[in-house]
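Presented below is the structure to which this report refers.
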Amino acid sequence: MKVFYSLIAAAMTAACAQCAMAQTVTSVKIGIKSNSGTVGNPVTEGKLAVGGTRTYAAIVEPAEAASLPVTWSVSNPDYAVFDASVEGKIRGLGAGTTIIIAEVGGVKADYTLTVAQKAAKVGDYYFSNGSWESSGIVTGKTCIGVVFYVDPSDESGMTGKIVSLDEADQLQWSIASACQPGAVSETDGLVNLDAIRSVNGWENAFAAAAWCASKTDGGLQWYLPAIGELRQLFAASCGLTWVASGAAEGTNQINDWTEMNITMRPADPADNTSDKTNPYPASREAFNKKFTNIGATPLNGSGTLRYWSSTQYADDFAMQLAFEGGYPMSYPRHYIFDQTRAIARFPLDRGTSGIDAPTAAGSPTANVAIRPNPAVSTATIEAGTEMTAVQVYSLIGSLTAAKAAIDGTTATIDVETLAPGTYVVTVATADGSRRSAKLIKR
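Read in order, the letters of the sequence shown are residues 0 to 441 in numbering that gives the first Met the number 0.
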């Protein structure tokens with residue numbers, strides 16, 4: 000009898016499947032599926048954060064065709080991808096706009112998804128596609144650094160600095176015969192790099208700076224940090240925020256190490272005078288877990304190990320920072336061999352091309368230079384070829400009202416009315432190409 004009923008059930012299932020296959024799909028729409036499995040009303044557009052997930056379902060008519068298979072796809076997998084293990088589940092990968100497509104029985108439905116980047120936080124993982132998340136291992140993306148500084152002058156939280164996942168061991172600052180580059184900035188390692196690059200044969204003469212500058216991860220300009228930038232990194236590892244001056248009382252800001260007992264050593268329990276609640280070793284451990292959790296190299300603050308900065312102290316001396324205690328020191332640049340860590344700024348802020356605009360139809364084919372960048376009131380765009388259109392988008396893909404006056408191969412953009420933050424400038428040229436670069440508005 001059981002066999003008989005099983006045969007009946009199988010026949011009914013096959014009949015239902017044949018019935019569904021015989022149905023002509025008349026309509027397909029897309030709805031959002033809740034955790035409980037219910038599907039909401041049809042929607043045509045929405046937003047999702049980078050790193051966020053959402054599950055969609057196809058709403059098919061007639062109802063008899065609802066059991067037909069659904070094929071999901073996205074127009075641009077750089078911004079979002081589907082999870083192969085869960086039907087209709089999508090994950091935001093990078094800031095931009097893509098189209099979600101659901102196809103059933105030859106009928107398609109479109110849904111416009113805008114993926115937005117949340118403000119960066121110290122400790123976020125930074126990826127080669129220019130996005131950042133709290134998780135460092137993400138399918139489809141490559142982590143290249145950890146955020147250690149977020150620029151407080153950019154209210155959008157889209158500007159900051161990252162530190163490399165690796166470091167070089169025992170490098171010289173320079174060889175003894177190298178000319179003096181005049182790398183004296185205490186706050187801007189890129190300025191120091193430009194000075195070092197002005198010396199003939201600098202790649203072979205300045206090992207620490209060359210190691211950093213040789214990195215190409217994410218299309219960023221990696222460089223040897225200035226002494227102040229090393230302090231920013233050290234402060235981040237302590238759970239603090241270093242500022243050049245004017246640290247606010249009652250906050251975690253700091254700008255003068257000499258007035259504080261900064262140490263990575265845990266308090267001595269046998270010493271009744273020591274501070275047994277010193278938070279810095281615990282903060283360092285938590286910060287370093289960001290690296291070890293993804294198999295990267297943590298910051299080394301043990302013993303006498305120090306990190307080179309790009310800042311010269313005198314003709315034959317360069318500054319270092321001891322990460323055991325956070326104190327700067329000067330050492331002979333040519334016979335001391337020490338640790339080197341690279342940093343980079345995000346987003347690309349020197350007019351570098353290679354960042355696709357959220358709605359761009361093509362990819363950049365040549366440099367687009369923006370000067371000044373950051374800009375306050377106006378910015379000049381140079382594309383090296385005749386331009387036909389210039390548009391400014393927000394990082395979530397919205398076209399702004401910023402206007403451009405085009406004069407052949409250059410254009411001037413009025414950015415005064417834009418809110419402070421990061422934008423994408425797209426350029427259409429007479430040869431039919433589209434190019435783009437990031438612009439920072441102060």
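Where is the CB? At the ideal position from N, CA and C, for every residue including glycine.
The beta-carbon distance between I29 and A118, rounded to whole angstroms, is 29 Å. This is too long to meet the 8 Å contact definition. Here W241 is bridged, per DSSP, to I253. Here P297 has N287, F290 and T291 as same chain residues with Cβ atoms under 6 Å from its own Cβ, once five neighbours each way along the sequence are excluded. Runs of the beta strand (DSSP E) lying entirely within the region 100–127 and spanning at least 3 residues, in chain order: 106–115 and 124–126.
At a Cβ-Cβ threshold of 9 Å, I161 and P180 do not count as neighbours. For P280, the uninterrupted alpha helix (DSSP H) run begins and ends at Y279 to T291, by DSSP. It is roughly 29 Å from the alpha-carbon of A436 to the alpha-carbon of T240. According to the DSSP assignment, C211 belongs to the alpha helix (DSSP H) that extends over A206 to A212. Of all alpha-carbon atoms in E323, A115, Q319 and P346, the one lying nearest the alpha-carbon of I335 is that of Q319. Secondary structure at E228: helix, using DSSP grouped into helix, strand and coil. As a beta-bridge residue in DSSP terms, E60 pairs with S26.
When C-alpha distances from F322 are compared across F316, S134, P280 and P346, the shortest belongs to P280. In the same chain as T428, and ignoring 5 residues on each side of it, the C-beta atoms closer than 8 Å to its own belong to A382, T384, E385, M386, T387 and R434, in chain order. Looking only at A368, S26 and G129, the smallest Cα-Cα distance to E63 is reached by S26. Between V49 and V114, the CB-CB gap stays under 9 Å.
Separation of S127 and G156 (C-alpha to C-alpha, rounded to the nearest whole angstrom) is 18 Å.
DSSP places R90 in the uninterrupted beta strand (DSSP E) bounded by K88 to G91.
Counting every other CB atom within 10 Å of its CB across the protein chains shown gives A234 a total of 16 or more, marking it as buried. Going by DSSP, R332 is part of no beta strand (DSSP E) at all; its letter is neither H nor E. DSSP places W201 in the helix class (H, G or I) of the three-state scheme. According to DSSP, residue pairing for C142 in a beta bridge involves F126.
According to the DSSP assignment, D193 belongs to the alpha helix (DSSP H) that extends over G188 to R196. By the Cβ-count criterion, G36 is exposed, with fewer than 16 other Cβ atoms from all chains shown falling within 10 Å of its own Cβ.
For the options T339, S72, G45 and I31, the alpha carbon positioned closest to that of T54 is the one of I31.
Taking a contact to require three or more Cβ pairs closer than 8 Å, the region 136–150 and the region 205–213 do not qualify as touching. Closest option to R332, judged by alpha-carbon separation, among G325, A177 and D82: A177.
DSSP places L320 in the uninterrupted beta strand (DSSP E) bounded by F316 to A321.
Of the candidates E415, I380 and V391, I380 places its Cα closest to the Cα of T408. Taking 9 Å as the cut-off, the Cβ atoms of T52 and G91 count as close. In terms of Cβ geometry, A57 and V85 do not form a close pair [threshold 9 Å].
Annotation for V85: no beta strand (DSSP E) segment contains it, and DSSP assigns it neither H nor E.
Assigned with DSSP and collapsed to three states, D216 falls in helix.
In this structure, N254 keeps its C-beta atom at 9 Å or more from the C-beta atom of A225.
In the structure shown, A382 adopts coil according to DSSP, grouped into three states. For A235, the three-state secondary structure derived from DSSP is helix.
A distance below 6 Å between beta-carbons, with the five flanking residues on each side excluded, links W172 to the following residues of its chain, in chain order: A207, W307, A317 and R332.
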